[in-house]
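Colleague: Okay, handing you the structure first.
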Amino acid sequence: MTQDELFKVLVAHCKEYGFIFPSSEIYDGLAAVYDYGQMGSELKNNIKSYWWNAMTRLNENIVGIDSCIFMHPRIWEASGHVGAFNDPLIDNKDSKKRYRADVLIEDYLGKIEEKINKEVAKGRKKFGDSFNEEQFRATNPNVLREKAKWDTVHDRYVAAEKANDLAEYKNIIVDCGIVCPISGTCNWTDVRQFNLMFSTSMGSTSEGASTIYLRPETAQGIFVNYLNVQKTGRMKLPFGIAQIGKAFRNEIVARQFIFRMREFEQMEMQFFIKPGTELDWFAKWKENRMKWHVNLGMGAENYRFHDHEKLAHYANAATDIEFNFPFGFKELEGVHSRTDFDLGNHQKFSGKKIQYFDPETNESYGPYVIETSIGVDRMVLAVLSHAYKEETLENGESRVVLSIPAPLAPVKCAVMPLLKNNEELVGLAQKIMDDLKFDFNCQYDEKDSIGKRYRRQDAIGTPFCVTVDHESLTDGCVTIRARGTMEQKRVAISELRSIIDKQVNMNNLLRNL
Ligand code: ATP
4 MTQDELFKVL VAHCKEYGFI FPSSEIYDGL AAVYDYGQMG SELKNNIKSY
54 WWNAMTRLNE NIVGIDSCIF MHPRIWEASG HVGAFNDPLI DNKDSKKRYR
104 ADVLIEDYLG KIEEKINKEV AKGRKKFGDS FNEEQFRATN PNVLREKAKW
154 DTVHDRYVAA EKANDLAEYK NIIVDCGIVC PISGTCNWTD VRQFNLMFST
204 SMGSTSEGAS TIYLRPETAQ GIFVNYLNVQ KTGRMKLPFG IAQIGKAFRN
254 EIVARQFIFR MREFEQMEMQ FFIKPGTELD WFAKWKENRM KWHVNLGMGA
304 ENYRFHDHEK LAHYANAATD IEFNFPFGFK ELEGVHSRTD FDLGNHQKFS
354 GKKIQYFDPE TNESYGPYVI ETSIGVDRMV LAVLSHAYKE ETLENGESRV
404 VLSIPAPLAP VKCAVMPLLK NNEELVGLAQ KIMDDLKFDF NCQYDEKDSI
454 GKRYRRQDAI GTPFCVTVDH ESLTDGCVTI RARGTMEQKR VAISELRSII
504 DKQVNMNNLL RNL
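Each residue of the sequence shown is one higher than the last, beginning at 4 in this note's numbering.
Given below as structure tokens:
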């Protein structure tokens, strides 16, 4: 199965098993908006709690807040979103499809990189153990030709981005012969800027109503509450404020399922620090966030840093943590050193003094900020795309299994009586359910053969299935079956809680951080 096919199968699986549905589906859906079903919302909540607890419980100097989606419109002027939260868009006149000009160029550069990597792989195969990659990259004529092409386009792209030169974006697209994947033509409109914020109006009469925006990021809710939290929490620098909440962006090209949505959720943490210490803290948070990801056991090789070459004018360091999605390595989280840009601008625009009095040095200053910002939905996609596996079993049958990290799995344990019309078996299974449900999200399942029930649980990623049979009534034991190995063991009912807990308890994940 190609990665493309795998992605389509995954999207269908998410719908079939109650993880993610297209929004408003009975009205033919709403572009780039998705609803989480009964399994998806459990998974999402578990991801949020892993993040929230890692931030606020494991760090005594990080506290959490919950600010509103609606905010004073001046906030978005101060943050720069009204003036500059734009994407360069371009339309193909033949297909009438709209694209982001920067994405078209970046995809083109990505294809050149792929070609180079293929050449390198060929070289490695040909020369075997004696292969010297560095030398090969420096001398192979095919690699050098592609690299020169990449450098030229990349330099032009970076210069255009820096100068905000929209005409040059179009020139690059035309010069590189980038065509629309639908029409196959190079018949492009000019490139225009498009503001990504959604607006609505607040107030009951049309004269009294004012335009307000749906927040495009949660971070500003943290900045404008900096003084409140610092004072009421008697926080001393360095300290952080964490928040999980919805954000809205009118994305031009909203593709790739829940990777790019118009309504999505972010988990952001702003870490306030003394100016001059930001590069140290940036390095620490980079490492800290990577550890949080790798700790889930989805393979360190599936993550990489992508340091930003071009920094926003207020930032002095920025990196993306990229994940190996079915469509390649793409941004999952951003770690940014934002200086005092946001607090400084809010001070200017609001006229309120936003400073920190440092009791150690007896001076007041505007704190600097390191931000970590991750999309909940992208994290859900990372977990699901990594987890989805189609396996052929020893007996020739196949199964679809979601190997979701156990503490994140929506259902932790399924309890099944061997037969549904045997009162005693059903009674004991219900009793076990009633006992376990206070510790774990459990599902009771009595329909179909045990084999079919196992498959159903595999397909939603349940780490354990517990079967109650006739012997259980006399020996007080049940069969517990593990999702990954499919191994079945006979264990005492009284041991169930501790066996399950060992694997699924979120605290074990947190302890490893
Ligand atoms: P991209 O370059 O992919 O548009 P970004 O750099 O604009 O992302 P940030 O503004 O840094 O993203 O937002 C922080 C995080 O929020 C991202 O790393 C991503 O996980 C998530 N995110 C941003 N936009 C979306 C979206 N449209 N849908 C889902 N998640 C998103």
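Note that CB positions come from ideal geometry on N, CA and C, so glycine has one too.
No experiment lies behind these values; they were computed from the predicted model shown.
Count the other CB atoms within 10 Å of the CB of C71; is the residue buried (16 or more) or exposed (fewer)?
Modeller: Its Cβ having fewer than 16 others within 10 Å, C71 is exposed.
Colleague: Using the Cα positions of N64 and K505, report the straight-line distance between them to the nearest angstrom.
Modeller: So the alpha carbons of these two residues sit roughly 29 Å apart.
Colleague: Identify, in the order they occur along the chain, each residue of the same chain with its Cβ nearer than 7 Å to the Cβ of I175, setting aside the five sequence neighbours on each side.
Modeller: Excluding residues within five positions, the ones whose Cβ falls inside 7 Å are I108, V156, R159, Y160, A163.
Colleague: So for C17, helix, strand or coil by DSSP?
Modeller: The answer is helix: DSSP assigns C17 an H, G or I state.
Colleague: Does the ligand ATP have a heavy atom nearer than 7 Å to the CB of E220?
Modeller: Result yes, Cβ under 7 Å from the ligand ATP.
Colleague: Could you check whether the Cβ of F22 sits closer than 7 Å to any heavy atom belonging to the ligand ATP?
Modeller: Not so, every heavy atom of the ligand ATP lies at least 7 Å from the Cβ.
Colleague: Taking only runs of the beta strand (DSSP E) that begin and end inside the stretch 419 to 480, which ones reach a length of at least 3 residues, in chain order?
Modeller: Counting only runs of 3 or more, we get 445 to 447, 467 to 471.
Colleague: Report the rounded CA-to-CA distance for I503 versus H473, giving the unit in angstroms.
Modeller: If I take the Cα positions, the gap works out to 22 Å.
Colleague: Here's the rule: buried if 16 or more other CB atoms are within 10 angstroms of the residue's CB, otherwise exposed. What is A124?
Modeller: Exposed, by the Cβ-count rule.
Colleague: Anyone know if the C-beta pair for V66 and I324 falls short of 8 Å?
Modeller: It is not a contact, given that the beta carbons lie outside the stated cut-off.
Colleague: Can you check which of these residues, M264, A257, V338, is closest to A286 by C-alpha distance?
Modeller: Answer by Cα proximity: V338.
Colleague: Under 7 Å Cβ to Cβ from G180, same chain only, skipping five residues before and after it: list those, please.
Modeller: Cβ within range, chain order: C189.
Colleague: Who does E336 pair with in a DSSP beta bridge?
Modeller: In the DSSP output, where bridge partners are listed per residue, E336 has I324, I377.
Colleague: At which residues does the alpha helix (DSSP H) containing A124 begin and terminate?
Modeller: That run of the alpha helix (DSSP H) goes 104 to 130.
Colleague: From I78 to M42, what does the alpha carbon distance come to, in whole angstroms?
Modeller: Distance between the alpha carbons of I78 and M42: 36 Å.
Colleague: Would you tell me roughly how many angstroms separate the C-alpha atoms of L199 and Y37, rounded to the nearest one?
Modeller: Using only the alpha carbons, I get a separation of about 19 Å.
Colleague: Hey, F344 and Y317 are a contact pair by Cβ (cut 8 Å); roughly how many whole angstroms apart?
Modeller: Indeed, because the Cβ distance is near 3 Å, the residues count as touching under 8 Å.
Colleague: R263 CB to nearest chain C CB: under 8 Å?
Modeller: The chain inventory of the structure shown lacks chain C, comprising one protein chain alone.
Colleague: List the whole-angstrom C-beta distance separating Q196 from P76, where the pair is believed to meet the contact cut-off of C-beta under 8 Å.
Modeller: Between P76 and Q196 the Cβ distance is about 20 Å, and since that is not below 8 Å, they are no contact.
Colleague: DSSP state of R140, grouped into three classes?
Modeller: In the structure shown, R140 sits in a helix (DSSP, three-state: H, G or I).
Colleague: Looking at C-alpha atoms only, which residue of R140, K173, K96 is the closest neighbour of S186?
Modeller: Ranking the options by Cα distance to S186, first place goes to K96.
Colleague: Under three-state DSSP, which class holds N511?
Modeller: The answer is helix: DSSP assigns N511 an H, G or I state.
Colleague: For the ligand ATP, any of its heavy atoms closer than 7 Å to the Cβ of Q196?
Modeller: Q196: no, Cβ never under 7 Å from the ligand ATP.
Colleague: Taking the straight line between their C-alpha atoms, what separation do you get for V494 and S475?
Modeller: Their Cα atoms are separated by approximately 10 Å.
Colleague: With distances taken Cα to Cα, identify the nearest neighbour of Y368 among N398, K239, S501.
Modeller: When only C-alpha atoms are compared, the closest one is K239.
Colleague: Mind pulling the alpha helix (DSSP H) runs of 4 or more residues that sit fully within the stretch 23 to 69?
Modeller: For the stretch 23 to 69, whole alpha helix (DSSP H) runs of length 4 or above, ordered along the chain, are 41 to 59.
Colleague: Taking 7 Å as the cut-off, is the CB of R402 close to at least one heavy atom of the ligand ATP?
Modeller: The answer is no for R402.
Colleague: When the Cα atoms are used, what is the spatial distance from N49 to A412?
Modeller: Rounded to whole angstroms, N49 to A412 spans 8 Å at the Cα level.
Colleague: Between which residues of its own chain and R140 is the CB-CB distance below 6 Å, once the five residues before and five after are set aside?
Modeller: The answer, listed in chain order, is V146.
Colleague: Check each candidate in N291, V469, D380 and name the one with the smallest Cα separation from M58.
Modeller: Considering only alpha carbons, the answer is N291.
Colleague: T221 to K11, Cα distance in whole Å?
Modeller: Approximately 31 Å, taken between the alpha carbons.
Colleague: Within the same chain, show all residues whose beta-carbon is closer than 6 Å to that of P420, passing over the 5 residues directly before and after it, in chain order.
Modeller: If we look at P420 and ignore the five residues flanking it on each side, its Cβ neighbours are L428, V429, A432, E449, V471.
Colleague: M301 by DSSP, collapsed to three states: which one?
Modeller: Correct three-state label for M301: coil.
Colleague: Check this for me: beta carbons of V404 and R459, under 8 Å apart or not?
Modeller: No, the pair does not count as a contact, with Cβ atoms beyond the cut-off.
Colleague: In the DSSP output, which residue or residues are listed as bridge partners for H309?
Modeller: Partner(s): D323.
Colleague: Our contact map puts F275 next to K289 with C-beta atoms below 8 Å; I'd like the distance itself, whole angstroms only.
Modeller: Going by Cβ atoms, the distance from F275 to K289 rounds to 17 Å, so no, they are not a contact pair.
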